[in-house]
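**Student:** This is the structure I want to talk about, given as structure tokens.
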Amino acid sequence: MNRVVRALTAFWRNRSGVAAVEFAIVLPSLLLLYVGTVEIGQGLTATRKLNNAAVVTADLMAQSESLSTDDMKDIFAAAKATLAPYDTSGLKIQACVIAVTGAAQQVKWCSAQNDTAPSKGAAPPAPVPAALIESGVDMVVVRARYHLDTPFSSALSVVGHGYDFQRVYVQRPRVGDVVDKE
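Taken in order, the sequence shown gives residues 158 to 339; the numbers are from my numbering.
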């Protein structure tokens, strides 16, 4: 009996393995914090770049009174360039000119990259805010969507399949009141 008590007392007083046990308990939490920080950082950067892509698209469209199909290809190329160094295969853009007549809003014309463009006369991809509406003045509405796959989201594809972001940007034409399609 005395031997058992001595062995238990010696075990209870031994502190040599405590640091290893504490590290084994804390390590998963530290790894989770690290992964979360990396994922949030990549998500915020991708969101900022997507916002820039939508702004660039709308701004370049608003600077012209008339745009051709080749002009739109160049504008979409500029939008894709703003996403660098991220993969642009997940980028979808709908760039529409909306005819506003009174309270009615409908698509005048639309171009799309990796997406389906709404047809003429359809509802806009996003409504023009009431504060921006001027009857007889076209509005440029750009909806940009992006799917981001990160190394961690790919590894955890059972839980999720990456992140989807969307940005909408509305701008009034800079030159005149209309933007036509050639």
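For every residue, glycine included, the Cβ atom is placed at its ideal position computed from N, Cα and C.
For Val257, which residues of its own chain have a beta-carbon under 8 Å away from its beta-carbon, when the five flanking residues on both sides are left out?
**Tutor:** Excluding residues within five positions, the ones whose Cβ falls inside 8 Å are Val285, Ile290, Glu291, Ser292, Gly293, Val294, Asp295 and Met296.
**Student:** Using the rule of at least 16 other Cβ atoms within 10 Å of the residue's Cβ for burial, across every protein chain shown, is Lys230 buried or exposed?
**Tutor:** Classification for Lys230: exposed.
**Student:** How would you label Gly333, buried or exposed, when you count the other beta carbons within 10 angstroms and need 16 or more for buried?
**Tutor:** By the neighbour-count rule (16 or more Cβ atoms within 10 Å), Gly333 is not buried but exposed.
**Student:** Rounded to whole angstroms, what is the Cα-Cα separation between Ala203 and Cys253?
**Tutor:** Answer to the nearest angstrom: the Cα atoms are 23 Å apart.
**Student:** By DSSP, does Val336 sit in helix, in strand, or in coil?
**Tutor:** It is coil, neither helix nor strand.
**Student:** I need the straight-line Cα distance from Ala215 to Asp306, nearest angstrom please.
**Tutor:** Approximately 26 Å between the Cα atoms of the pair.
**Student:** Could you check what DSSP says for Ala219 in three-state terms: helix, strand or coil?
**Tutor:** Correct three-state label for Ala219: helix.
**Student:** Use the C-beta contact count for Leu217: other C-beta atoms within 10 angstroms, 16 or more gives buried, fewer gives exposed.
**Tutor:** Per the 10 Å Cβ criterion, buried.
**Student:** Going residue by residue through the segment 233-308, where are the continuous beta strand (DSSP E) segments of at least 3 residues, counting only ones entirely within it?
**Tutor:** Qualifying beta strand (DSSP E) stretches, in chain order: 248-258, 261-270 and 296-305.
**Student:** Within 10 angstroms of its Cβ, does Tyr303 collect 16 or more other Cβ (buried), or is it exposed?
**Tutor:** So Tyr303 counts as buried.
**Student:** To the nearest angstrom, how far is the alpha carbon of Gly129 from that of Lys265?
**Tutor:** Given that the chain is displayed from residue 158 to residue 339, the structure contains no residue 129 and the question cannot be resolved.
**Student:** Closer than 8 Å by C-beta to Ala280: which residues in its own chain qualify, once you throw out the five before and the five after it? Chain order, please.
**Tutor:** Answer for Ala280: Gln262, Gln263 and Val264, listed in chain order.
**Student:** Report the three-state DSSP secondary structure of Arg324 (helix, strand or coil).
**Tutor:** Three-state DSSP puts Arg324 in a strand.
**Student:** Run through the DSSP bridge pairs and tell me what Leu224 is partnered with.
**Tutor:** DSSP output for Leu224 lists Lys338 as bridge partner(s).
**Student:** For Arg163, which three-state DSSP category applies?
**Tutor:** Three-state DSSP puts Arg163 in a helix.
**Student:** When you compare each of Leu187, Arg331, Leu207 and Gly198 to Phe322 by their alpha carbons, which one comes out closest?
**Tutor:** Nearest option by C-alpha distance: Leu207.
**Student:** Closer than 6 Å by C-beta to Ser225: which residues in its own chain qualify, once you throw out the five before and the five after it? Chain order, please.
**Tutor:** Result list for Ser225: Glu339, in chain order.
**Student:** Just the Cα atoms here: how many angstroms apart are Ala238 and Ser268?
**Tutor:** Each residue's alpha carbon lies about 18 Å from the other.
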